[in-house]
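S.K.: Below is one structure. I have some questions about it.
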Amino acid sequence: MSLKAQLTEDMKAAMRAKESVKLSTIRLINAAIKQFEVDERTEADDTKVIAIITKMVKQRNDSAKIYTEAGRTDLADKENAEIEILKHYLPQMMSEDEIRAAVTSAVAETGASGMADMGKVMGLLKTRLAGKADMGQVNKILKAVLTA
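Put into structure tokens, the structure is as follows:
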């Protein structure tokens, strides 16, 4: 079953169960997918849907951090609840050790020797790890490997 079909089924289930937070979050995902499809005039496949959801998780993480710093825990809690629902539709994220192994492999493969080669390695890693790892964490590990 495609991710879009899964979202539709989960939306119906959330309506029946009267789960308002889950329902509104799934509707936000569907709206973002529709917006992409209209803008690009193409059908969103599972890879693109995962990219859209990953972007939504990052936005909500940023918002939750800002709300927490401002003392608005009620709004931060709402963002965190949406994050949990969004993460349900993402593939299992890689552990730090798995990311470190992928970074080391990419550095060896590209022959990178310093920070000047970071863009080349990061380009390779983005294609390999898209949707599987937090690219911010990948960036930090890559910097540590290249400066060591």
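Read in order, the letters of the sequence shown are residues 19 to 166 in this note's numbering.
Where is the CB? At the ideal position from N, CA and C, for every residue including glycine.
All of these numbers come straight from a predicted model, not from anything done at the bench.
1) So, for T65: in the same chain, excluding its five sequence neighbours on each side, which residues have a beta-carbon less than 8 Å away from its beta-carbon?
2) To the nearest angstrom, how far is the alpha carbon of K30 from that of A162?
3) Locate the alpha helix (DSSP H) running through R45, then write down its first and last residues.
4) Output needed for I51: all residues of its chain with C-beta closer than 7 Å, excluding positions within five of it in sequence on either side, in chain order.
5) Give me the Cα-Cα distance between T145 and G154, rounded to the nearest whole angstrom.
6) Counting Cβ pairs closer than 8 Å, one from the region 108-128 and one from the region 81-97, do we hit at least three?
7) Please say whether L108 and M140 have beta carbons closer to each other than 8 Å?
8) On the criterion of 16 or more Cβ atoms from any shown chain inside 10 Å, does E100 qualify as buried, or is it exposed?
9) Taking C-beta to C-beta, are V156 and L164 nearer than 8 Å?
10) Beta-carbon within less than 6 Å of V121's beta-carbon, same chain only, minus the 5 sequence neighbours each way: which residues are those?
M.R.: Let me lay it out:
1) Reading the sequence shown from its first residue, position 47 is the one you call residue 65. Correct list, in chain order: A148, G149.
2) Working through the sequence shown from its first residue, we reach residue 30 at position 12. Working through the sequence shown from its first residue, we reach residue 162 at position 144. For K30 and A162, the distance between alpha carbons rounds to 46 Å.
3) For the purposes of this step, residue 45 is taken as the residue at position 27 of the sequence shown. 38-58 is the extent of the alpha helix (DSSP H) around R45.
4) Taking the sequence shown and counting its residues from 1, one reaches residue 51 at position 33. For I51, the CB contacts under 7 Å within the same chain, skipping 5 residues up- and downstream, are K22, A62, V67, I70 in chain order.
5) By 1-based counting over the sequence shown, the position of residue 145 is 127. By 1-based counting over the sequence shown, the position of residue 154 is 136. Approximately 14 Å between the Cα atoms of the pair.
6) no
7) Within the sequence shown, numbered from 1, the residue matching residue 140 stands at position 122. Within the sequence shown, numbered from 1, the residue matching residue 108 stands at position 90. For M140 and L108, no; Cβs fall outside 8 Å.
8) For the purposes of this step, residue 100 is taken as the residue at position 82 of the sequence shown. The residue in question, E100, is buried, as its Cβ has 16 or more Cβ neighbours within 10 Å.
9) By 1-based counting over the sequence shown, the position of residue 156 is 138. By 1-based counting over the sequence shown, the position of residue 164 is 146. No, they are not a contact pair.
10) If you number the sequence shown from 1, residue 121 lands on position 103. Only I159, L160, V163 meet the Cβ criterion.
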